[in-house]
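Report on one structure; see the data block that follows.
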Amino acid sequence: MPETLLEVRNLTVNLKLGNRQDVTAVDGVSFSLKRGETLGIVGESGCGKTLTASAVIGLLPPYTGYIAGGEILFEGEDLTKKTARQMRAVRGAKISMIFQDPMSSLNPVYRIGTQMREALRVHRDVTAKEAREISAEMLRKVGIPLPETRLREYPHQLSGGQRQRVMIAMSLLSNPSLLIADEPTSSLDVTIQAQILDLIRALRDEMGMSVMLITHDMGVVAGNADKVMVMYAGKVVEYGTVEEIFTNPLHPYTQRLIGSIPRLDMDVEYLSTIEGMVPPLGQMPKGCRFCARCPLHTGACQEQPPPPFRIGEHVTFCRRANPDFRPPP
Amino acid sequence: MARYLYERILSALLTMFFVTAIIYLILSLIQGSALTVMGGSGSEMSAAEYEAARRALGLDLPVWLRYAHWLRDVLRGDLGSSYRYGVPVGEVIAQRFGSSALLVGTAILFTLLLGLPVGVMAAYKPGSVWDRLSSFFALAGFSAPRFITCIACIYVFSFKLRLAPPMGMHNAGNASLLDLIHHLIMPSAIITFGAMGYMIKQTRGACLEVFQEDYLKTARAKGLSEVEVIFKHGLRTALAPILTQMMVQVPEIVGSAAIVEKIFGWPGIGSLMLDAIRNRDTPLIMGVTLVIASVVLVANILLDLAYGLLDPRVRYR
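If you want it as structure tokens, here you go:
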């Protein structure tokens, strides 16, 4: 049984909105991640996936986002208690992050080699020559041909897929135990998407790290994650192993997300969609947040937040998931 | 690259031709000539003497011919002689160029040294007290007329507080560097104050854009400190667009320096130019025009080339 690497308990992230009252964007999120595992975090835009991950690596938007409550236990230490300086030592060394758009996540004015050397030198004392060798080796590992040449090039001379590979190589230089991948393939074309996801999985196995894979694509989760956390409007609505979630989705939101995956083995005229929109921040309903878009909702759903319903590790926050639930007549 | 440079120089020469031609034409339209200024009301000269002097200066010729002669001489390397001082224009300008370069150079240096960090800090936290304060300062800088700032500063710092001298480059008989700096502070600070506002605004704008970019997040994710993130990744990338804006500002700085030089009695080419205009000293005006236009055009070409060094995506064709 591999040990737990990351345990997030009741994480709450607030955002400051100018003169108005702060709003809660991530509300009481809990999950855990074992070494070598991949956790998929799924949900629509604005549901708090990225903020949750940013809180873990300490990269909440400066001056607007802050952790309002909860614990982030990483390798046994609570990251929420660390100072900014202590967090800098964790970032890039033990926890790394890659982003959605590889076109803009590398600095256009520095050579690839310079940017990689910088990432190395923050955490390790290496000479320029050593840095070059380590970087080239890492580029080779992520499948970039002619790494020595690439090191002398600028980001604009590389394709999108190659840039994402460079980002991955750069994030892995210090051998982190957790890689956060925030929609790493959303802006790449489909064939490249699969290659990048395969690469992340292979590197995870080779280097023994854990991965937090943020995506809005259930299909990506199905093929790459061990655990799945479905988020909606800042809250976890369902959490479980990938098998559980796909074979026995209990929350109506999860069911609809899975229903919206295009499939080759079924002949459907239209893909199903979920009507309506996520409620805006600061105007959350007091009951279940999915209520307004849920075809199964009852009066109780509007009044009270749903209690957790557990089957082993599988948790869902929906009254209708409980077979004992009887809607009032 | 060589081709690009060649084209730029060619277009600069063309610009120079138009600038000098237009200024020559404007000069011919101004009331009075060097003769009327030199001779006062003209009462000491007889009509025949006046006519002879006019002929001697070539003022009897039509303006296009006078310009053609001037241009021919310039292409031969001869800027002519000052009507007023009777010595070659080149000599007069050479005497004054250094002190102007010192004044303008100091002002540009401090504009960069102060404007860049202030603009960066303003962009770092938009809407903060610091941002609003620097905005106010910037606005005050580029909207206060230079001659008002000069007079106000002289009144406050020279006459009331007696901190800085109101005139000249040196106290009589004192050629020390310290004395020079003491005289330099106020005029250069006034030019800096005027130019800095624009610099702050441009830096703030360029940085605001860059600070939204993902590569700043990447830099933070590496574990870099905020200072490194802001300056090494933020400002460094914003530098190229800021530089472009500076090109627009070079003529502005040179122009405002002329007024400041005049008020402070700074012996530079700006005040030389203003005196030359008052004296209708056409060769001298044209000489100074040529120097100022060259400085501005050369600065533009250099800044343009620097852009390519700062942003590797730029290629010159």
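Just so you know, the sequences run in chain order A and B.
Here the first sequence is numbered in our numbering, starting from 7 and rising by one per residue.
Here the second sequence is numbered in our numbering, starting from 509 and rising by one per residue.
We put the beta carbon where it would ideally sit given N, CA and C, even for glycine.
In this text the structure is predicted, and so the values were computed from the model without any measurement.
Own chain, CB closer than 7 Å to residue i, minus 5 neighbours either side, in chain order
| i | result |
| --- | --- |
| residue 767 of chain B | 654 and 655 |
| residue 281 of chain A | 299 |
| residue 574 of chain B | 566 |
| residue 782 of chain B | 766 and 770 |
| residue 666 of chain B | 672, 673 and 674 |
Neighbour-count burial assignment, residue i, 16 or more Cβ in a 10 Å radius
| i | result |
| --- | --- |
| residue 789 of chain B | buried |
| residue 220 of chain A | buried |
| residue 224 of chain A | buried |
| residue 509 of chain B | exposed |
| residue 270 of chain A | exposed |
| residue 230 of chain A | buried |
| residue 239 of chain A | buried |
| residue 164 of chain A | buried |
| residue 143 of chain A | exposed |
| residue 214 of chain A | exposed |
| residue 43 of chain A | buried |
| residue 774 of chain B | buried |
| residue 262 of chain A | buried |
| residue 292 of chain A | exposed |
| residue 721 of chain B | buried |
| residue 87 of chain A | exposed |
Reduced DSSP category for residue i - H, G, I as helix; E, B as strand; rest coil
| i | result |
| --- | --- |
| residue 217 of chain A | strand |
| residue 730 of chain B | coil |
| residue 23 of chain A | strand |
| residue 770 of chain B | helix |
| residue 102 of chain A | strand |
| residue 683 of chain B | coil |
| residue 304 of chain A | coil |
| residue 670 of chain B | coil |
| residue 111 of chain A | coil |
| residue 46 of chain A | strand |
| residue 280 of chain A | coil |
| residue 148 of chain A | coil |
| residue 242 of chain A | strand |
| residue 159 of chain A | coil |
| residue 652 of chain B | coil |
| residue 211 of chain A | helix |
| residue 32 of chain A | strand |
| residue 596 of chain B | strand |
| residue 71 of chain A | strand |
| residue 297 of chain A | helix |
Bridge partners - residue i, DSSP secondary structure assignment
| i | result |
| --- | --- |
| residue 320 of chain A | A:317 |
| residue 273 of chain A | In the DSSP output, where bridge partners are listed per residue, residue 273 of chain A has none listed. |
| residue 78 of chain A | A:14 |
| residue 608 of chain B | According to DSSP, residue 608 of chain B bridges with nothing at all. |
| residue 525 of chain B | DSSP output for residue 525 of chain B lists no bridge partner at all. |
| residue 94 of chain A | Answer is none; residue 94 of chain A lacks a bridge partner. |
| residue 233 of chain A | A:45 and A:247 |
| residue 39 of chain A | A:12 |
| residue 186 of chain A | A:103 and A:218 |
| residue 696 of chain B | Paired residues: none, contrary to the question. |
| residue 83 of chain A | A:80 |
| residue 589 of chain B | B:596 |
Sequence-distant residues of the same chain with beta carbon closer than 6 Å to residue i, five excluded per side
| i | result |
| --- | --- |
| residue 132 of chain A | 126 |
| residue 624 of chain B | 711 |
| residue 522 of chain B | none |
| residue 801 of chain B | 524 and 527 |
| residue 763 of chain B | none |
| residue 714 of chain B | 746, 749 and 750 |
Cβ neighbours of residue i in the same chain (closer than 8 Å, five flanking residues each side left out)
| i | result |
| --- | --- |
| residue 59 of chain A | 47, 103, 186, 188, 218 and 220 |
| residue 809 of chain B | 513, 516, 517 and 520 |
| residue 205 of chain A | 148, 149, 171 and 174 |
| residue 805 of chain B | 520, 523 and 524 |
Mind checking the segment 100–119 of chain A against chain B and listing, in chain order, the residues whose C-beta falls within less than 7 Å of any C-beta there?
102, 103, 105, 107, 110, 111, 112, 113, 114 and 115
Near-chain A residues of the segment 739–768 of chain B - C-beta to any C-beta below 9 Å:
740, 741, 744, 745, 747 and 748
Please list, in chain order, the residues of the segment 168–197 of chain A that have any C-beta partner in chain B closer than 8 Å.
173, 176 and 177
Mind checking the segment 725–736 of chain B against chain A and listing, in chain order, the residues whose C-beta falls within less than 9 Å of any C-beta there?
725, 726, 727, 728, 729, 730, 731, 732, 733, 734 and 736
Positions along the segment 133–153 of chain A whose CB lies within less than 8 Å of some CB in chain B
none
Residues of the segment 66–100 of chain A in Cβ contact with chain E at a cutoff of 7 Å, in chain order, please.
Judged by its chain identifiers, the structure shown contains no chain E, and its protein chains are A and B.
Anything in the segment 705–725 of chain B with a Cβ closer than 9 Å to a Cβ of chain A? List those residues in chain order, please.
Residues passing the 9 Å Cβ filter: 721, 722, 723, 724 and 725.
Can you give me, in chain order, the residues of the segment 804–822 of chain B that have a beta carbon less than 8 Å from any beta carbon in chain A?
When C-beta distances to chain A are compared with 8 Å, the residues of the segment 804–822 of chain B below that value are 818, 819, 820 and 821, in chain order.
Output needed in chain order: residues of the segment 617–637 of chain B with a Cβ under 9 Å from some Cβ in chain A.
632, 633, 635 and 636
Any C-beta of chain B within less than 9 Å: which residues of the segment 227–242 of chain A qualify?
none
For the segment 54–65 of chain A, which residues have a CB atom closer than 8 Å to at least one CB atom of chain B, in sequence order?
63 and 65
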